[in-house]
Amino acid sequence: MLLALEGLAGAGKSTVRDRLLAAAAAEDIHLGHIGQFSWLSLRATRTIIGLRAGRPADSGETAMAAVRRDLELHACHNLAPALSMGAVVADRLTLSTACLLALLHDQPVADYVRQLAEVATARAELTVLLTTSPELCHTRLSRRTTSRRFGEDPPTAARLADLYEQAATAWTEATRLPVLRRPCTAEPDLDLLAAACLGQLRAARRQAAPK
C-alpha cells in the first residue's frame, strides 16, 4: 500500500509520518518512507529545483513533461522496490507537485492532476490531505530556525490551500481513489489521523496475507 501525506508546509505532515512509522513498527507492520521526487533525471531535476524556488520553467508544458518524467522514474526505481517490501508512506507526492505547477503557471490544477494521475504505478491508494489552516501553519513555521522557502509566506500559502482542495477533488475524480481530509491542529487530531492511517495499513496487510 502506498500512502501519501499532502498539505502546506507546517501542516503537520512530518509529525503524522513519524507517529505513523512508530505505530506501525510497534505492531510489526513494515512501513517504509519515501520522498516526493526521484532526482534521477538531470533535466527534470533542474526544472524541479526551479519550481521549488519559485522560478517557473519556460512553459507549463515544459514543466509538466519534466515532473512527469521524474514521477515515472520515481515509480520504477524507488516506489516499486520499496513497495515490494511492504507499505510505504510518501511525504508529499502527486498533489503537491500539481499544486506547485498550478501556482507558478496559473493553470487549472485539475489539468496537472489528471496528467500526473496517468502514471498509474505512482498512484497512492490513500492520500491524506492535512487541511491545517494557513495561519496556524505560518505560526508553526515562524518558530523554526530554518529560512523560509517559496510558498511559505501567508498569501501564497492561502492560495496553495485552495489549490490543494481543488487537487484533492480532481484526484478522486480522475482515479476513484480516496482522499482523507483532516486538520492537524491539536494533539487529538494527531492521534485520530495516525489511528485512521494505521487502520488502513492493517487492512492492507490482511488483504495481502496468504490464505
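Residue numbers (this note's numbering): 243 to 453. Even glycine gets a Cβ: it sits at the ideal position worked out from N, Cα and C.
How is the alpha helix (DSSP H) around V258 delimited, first residue to last? 255-268
Kindly indicate the opening and closing residues of the alpha helix (DSSP H) around E415. 396-417
Count the other CB atoms within 10 Å of the CB of P376; is the residue buried (16 or more) or exposed (fewer)? By the neighbour-count rule (16 or more Cβ atoms within 10 Å), P376 is buried.
Please give me, in chain order, every unbroken run of the beta strand (DSSP E) with length at least 3 that falls completely inside the stretch 313-400. 329-333, 368-372
Just tell me which of I290, V351, T363 has its CA closest to the CA of P323. T363
Where the alpha helix (DSSP H) containing R285 begins and where it ends: 284-294
Residue environment, L284, which counts as buried when at least 16 other CB atoms sit within 10 Å: exposed
What is the rounded straight-line gap between the Cα of L273 and the Cα of A451? 15 Å
If I'm right that W281 touches L337 with Cβ under 8 Å, what's the distance once you round it to whole angstroms? With a Cβ gap of about 19 Å, W281 and L337 do not count as contacting.
Sequence-distant residues of its chain with Cβ nearer than 6 Å to V220 (five each side left out): Given that the chain is displayed from residue 243 to residue 453, the structure contains no residue 220 and the question cannot be resolved.
I'd like to check one pair, A366 with A332: are the Cβ atoms closer than 8 Å? Yes; because the gap between Cβ atoms is below 8 Å, this pair is in contact.
Beta-carbon gap between P425 and L358 smaller than 8 Å: No; because the gap between Cβ atoms is not below 8 Å, this pair is not in contact.
Under 6 Å Cβ to Cβ from H275, same chain only, skipping five residues before and after it: list those, please. V331
Please name the residue, chosen from D353, S389, A344, that lies closest to D404 on a Cα-to-Cα basis. A344
Can you tell me which residues form a DSSP beta bridge with H272? In the DSSP output, where bridge partners are listed per residue, H272 has none listed.
Reduced DSSP category for L245 - H, G, I as helix; E, B as strand; rest coil: Correct three-state label for L245: strand.
Give the straight-line distance between the Cα atoms of Q449 and T381, rounded to the nearest whole angstrom. 41 Å
Ordered along the chain, which non-local residues of its own chain (more than five positions away) have a Cβ less than 7 Å from that of H347? P298, G302, A305
When the Cα of Y406 is compared with those of R418, Y354, R390, which residue comes out closest? Y354
Quick check: the Cα distance between H319 and Q278, rounded to an integer number of angstroms? 13 Å
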